[in-house]
Every structure is written in C-alpha cells, then in structure tokens.
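Colleague: Encoded as structure tokens, here's the structure I'll be asking about.
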Amino acid sequence: MDKIEFILNDKEELIEQNSSLLLLIKRKKIQERNIAIEVNQKIIPKSEWNDFKIKQNDIIEVVTAIGGG
C-alpha cells in the first residue's frame, strides 16, 4: 500500500494511504483520554477520528490536556 507524508507535532511522518486519525493514535500508542487532535489548524471532534482520513501534507497536532489548580 502507498504511504503518504504528513507532519505530527512538528515531525515528518509516513503512514499508509487512507489511514484514519484513530489508527494513527493507536499506532503511536497515544492514550485517547484527555487529548485533542488538530488537523491543519482545525480541531477534529473525537466522534470523527475513525472516519477522518489523513491526507498528504496534513499538519497534525496532538495536544494533551493537563489538569491543574
């Protein structure tokens, strides 16, 4: 299967074409809890992660929420 290039948290990455955001976070072993995913400066709701396909040259940021007081 062909691979595409994208940026994940400022680092160039490769993944198989037609891969979803959910597949990406599972492959990277990122905990799904308390994170937000932004693609090309747009927040993608968690309910769309499985259907959202990563495209060539997407810029993806995964941000972890940290509680404090």
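Number 1061 marks the last residue of the sequence shown (this note's numbering); no jumps. All C-beta atoms, glycine included, are put in the ideal place defined by N, C-alpha and C.
1) Look up F998 in the DSSP assignment and give the residues it is bridged to.
2) Closest to V1031 by CA distance: which of E1024, E1008, L1013 and K1021 is it?
3) Look at the alpha carbon of P1037 and the alpha carbon of A1028, and state the distance between them as a whole number of angstroms.
4) Excluding five sequence neighbours on each side, which residues of the same chain lie with their C-beta closer than 7 Å to the C-beta of T1056?
5) With a CB to CB cut of under 6 Å and the five nearest residues on each side skipped, what residues in its chain are close to N1010?
Modeller: For this structure:
1) E1005
2) L1013
3) 8 Å
4) N1026 and I1027
5) K1045
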